[in-house]
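Report on the structure given below.
Number of protein chains: 2
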Amino acid sequence: MTILSGERPGEGNMKEERYEIRFGGSGGQGIILAAIIMAEAAGLYEGYHVCQTQSYGPEARGGKSRAELVISNMEIDYPKVIRMDLFLAMNQAALDAYFFDFKPDGVLLADATFVEQVPTSRSLLLPFTRIARAQLGNEIVANIVALGAVGVLCRKVSMQSLEKAVAGKVPAKFRELNMAALRAGAEAAAGVDLSFLPRSIISEEEEKEV
Amino acid sequence: MTILSGERPGEGNMKEERYEIRFGGSGGQGIILAAIIMAEAAGLYEGYHVCQTQSYGPEARGGKSRAELVISNMEIDYPKVIRMDLFLAMNQAALDAYFFDFKPDGVLLADATFVEQVPTSRSLLLPFTRIARAQLGNEIVANIVALGAVGVLCRKVSMQSLEKAVAGKVPAKFRELNMAALRAGAEAAAGVDLSFLPRSIISEEEEKEV
Numbered sequence: 001m002t003i004l005s006g007e008r009p010g011e012g013n014m015k016e017e018r019y020e021i022r023f024g025g026s027g028g029q030g031i032i033l034a035a036i037i038m039a040e041a042a043g044l045y046e047g048y049h050v051c052q053t054q055s056y057g058p059e060a061r062g063g064k065s066r067a068e069l070v071i072s073n074m075e076i077d078y079p080k081v082i083r084m085d086l087f088l089a090m091n092q093a094a095l096d097a098y099f100f101d102f103k104p105d106g107v108l109l110a111d112a113t114f115v116e117q118v119p120t121s122r123s124l125l126l127p128f129t130r131i132a133r134a135q136l137g138n139e140i141v142a143n144i145v146a147l148g149a150v151g152v153l154c155r156k157v158s159m160q161s162l163e164k165a166v167a168g169k170v171p172a173k174f175r176e177l178n179m180a181a182l183r184a185g186a187e188a189a190a191g192v193d194l195s196f197l198p199r200s201i202i203s204e205e206e207e208k209e210v
Numbered sequence: 211m212t213i214l215s216g217e218r219p220g221e222g223n224m225k226e227e228r229y230e231i232r233f234g235g236s237g238g239q240g241i242i243l244a245a246i247i248m249a250e251a252a253g254l255y256e257g258y259h260v261c262q263t264q265s266y267g268p269e270a271r272g273g274k275s276r277a278e279l280v281i282s283n284m285e286i287d288y289p290k291v292i293r294m295d296l297f298l299a300m301n302q303a304a305l306d307a308y309f310f311d312f313k314p315d316g317v318l319l320a321d322a323t324f325v326e327q328v329p330t331s332r333s334l335l336l337p338f339t340r341i342a343r344a345q346l347g348n349e350i351v352a353n354i355v356a357l358g359a360v361g362v363l364c365r366k367v368s369m370q371s372l373e374k375a376v377a378g379k380v381p382a383k384f385r386e387l388n389m390a391a392l393r394a395g396a397e398a399a400a401g402v403d404l405s406f407l408p409r410s411i412i413s414e415e416e417e418k419e420v
């Protein structure tokens, strides 16, 4: 088991540090559950302020679903994503639809099982669904495999906090399966050094607005 | 089965109509799931713009949980509750903690099983957990019983939309139990005429701000 050292909220004179994650996938891929578990890990067990949202409307037709999570060391004024630090895309349609508001040093984490084209060089493709199928015998936990990778990459939550949050959200008889999925995802992401990713090429003007 | 006639989003020159619901309960009472199902019923099946949020932070310690839902005929700028039209409180602690931002003509819907004191005369107490236990043999669906009542009272979603949303969120083997819970809650609320509730007494100044 990997223990991650999260940056916890400090005391005293604090500067606001927002960390923003968007989760995109199709209806059945468990994106909202993944976002909720991540929110509970960061909010209940790491002591961050957290706001987790999902929107439905005309754009939700056709099976795409999106959830968002803002993690902050201070109370959150605006609860939706302003600039993504991390975008988890579980398939190509969701990636294409929700790839906006991306930070120059953001990271796109995509399920290589269903994503072929990535719009940024700051991408990390890991085969979440294939891992779920091959290592765990059940595609249904692909979202939890992805969550393990999100947990490692965002560096805001320990694996212990994620495990507690997962345990609180899945039925007891599926607990072991989900724990194994979480660990498989964390292991897939553990060896990745994001500092090797090139910085996104964006116009100077756009960058100044950031 | 009750079919409700929802007010659907119109065409042409629209005035923004926000309808805001807060759900409060303890950790295990399934408040977030109820909010998500209601969001899907209104957003996916009734064509409203919907934004559903939950926040975690220092106030979430101690087992209280809160979820919010904004339903609008137009795109939603601010995704959290500004003034509650409807507040579902599943127990006394959540009611006490989250009773604020209440509209003068809002409605407090509380689980009479666990709530004894209500801070407004615009209250409707229905024993959701007792109904779940007595009629359905399982307290775990108290949240879905409550959701049935929320669906009837808010008049934004048809029972058919709620049933579709429930079916999409619960495992197949518990579908019938949840459908029965939804109907039991809808029936408990069906006979209630909210127009008999007195208007909340609030100061003139506060009312002007609304």
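Those protein sequence lines, which keep their order, are chains C and U.
Residue 160 in the working numbering is what sits at position 160 of the first sequence, and the numbering runs on without skipping anything.
In the working numbering, each number is its position in the second sequence, counted from 1, plus 210.
Where a beta carbon is used, it is the ideal one built from N, C-alpha and C, also for glycine.
Beta-carbon spacing of residue i, residue j below 8 Å
| i | j | result |
| --- | --- | --- |
| Y229/U | K366/U | yes |
| Y56/C | A244/U | no |
| A190/C | I131/C | no |
| A146/C | L197/C | no |
| T263/U | P289/U | yes |
| K64/C | S123/C | no |
| L216/C | L194/C | The structure shown does not extend to residue 216/C, since chain C spans only 1 to 210, so no value can be given for it. |
| E278/U | V291/U | yes |
| G316/U | D295/U | yes |
| G125/C | V150/C | Reading the sequence as shown, one finds Leu at residue 125/C and not Gly. Not closer than 8 Å, so no. |
| G234/U | I241/U | yes |
| M14/C | M74/C | yes |
| P104/C | R22/C | no |
| E349/U | T339/U | yes |
| L392/U | V376/U | yes |
| G100/C | T120/C | As written in the sequence, residue 100/C is Phe, which differs from the Gly given in the question. Against a cut-off of 8 Å, the Cβ pair of T120/C and F100/C comes out as no contact. |
| Y255/U | S371/U | yes |
| K379/U | I247/U | yes |
| D111/C | A142/C | yes |
Residue i, DSSP secondary structure in three states
| i | result |
| --- | --- |
| I21/C | strand |
| V166/C | helix |
| V361/U | Correcting the residue type first, residue 361/U is Gly in the shown sequence and not Val. G361/U falls in the helix class under three-state DSSP. |
| A356/U | helix |
| E16/C | coil |
| M1/C | At M1/C, the pLDDT of 36 sits below 50, so the modelled position is not reliable; the number obtained from the coordinates is stated separately. If DSSP states are grouped into helix, strand and coil, M1/C belongs with coil. |
| K366/U | coil |
| G316/U | strand |
| S413/U | Since pLDDT at S413/U reaches only 49, below the 50 mark, its modelled position is unreliable, and no value is offered. |
| S405/U | helix |
| E221/U | For E221/U, the predicted structure reports a pLDDT of 46, less than 50, and the residue's modelled location is therefore unreliable. The matter cannot be settled from this model. |
| A400/U | helix |
Name, going along the chain, the residues of the stretch 357–378 of chain U whose beta-carbon falls closer than 8 Å to a beta-carbon of chain C.
G378
Chain-ordered residues of the stretch 169–202 of chain C with a beta carbon less than 7 Å from chain U
Along the stretch 169–202 of chain C, none of the residues has a CB nearer than 7 Å to a CB of chain U.
May I ask you to list, following chain order, the residues of the stretch 22–44 of chain C that have a beta carbon less than 8 Å from some beta carbon of chain U?
G27, I32, I36, A39, E40, A42, G43 and L44
Using a Cβ-Cβ cut-off of less than 9 Å, give me the residues of the stretch 258–269 of chain U that come near chain C, in sequence order.
Y258, H259, V260, C261, Q262, T263, Q264, S265, Y266, G267 and P268
Alpha helix (DSSP H) runs contained entirely in the stretch 230–308 of chain U, provided each spans 4 or more residues
241–250 and 302–308
Could you tell me whether the stretch 139–153 of chain C touches the stretch 93–105 of chain C, where touching means 3 or more Cβ pairs closer than 8 Å?
Verdict: no, contact absent.
Note down, in chain order, all residues in the stretch 77–88 of chain C with a beta-carbon under 7 Å from any beta-carbon belonging to chain U.
P79 and K80
Contained alpha helix (DSSP H) runs [length at least 4] in the stretch 328–353 of chain U, N- to C-terminal order
338–346
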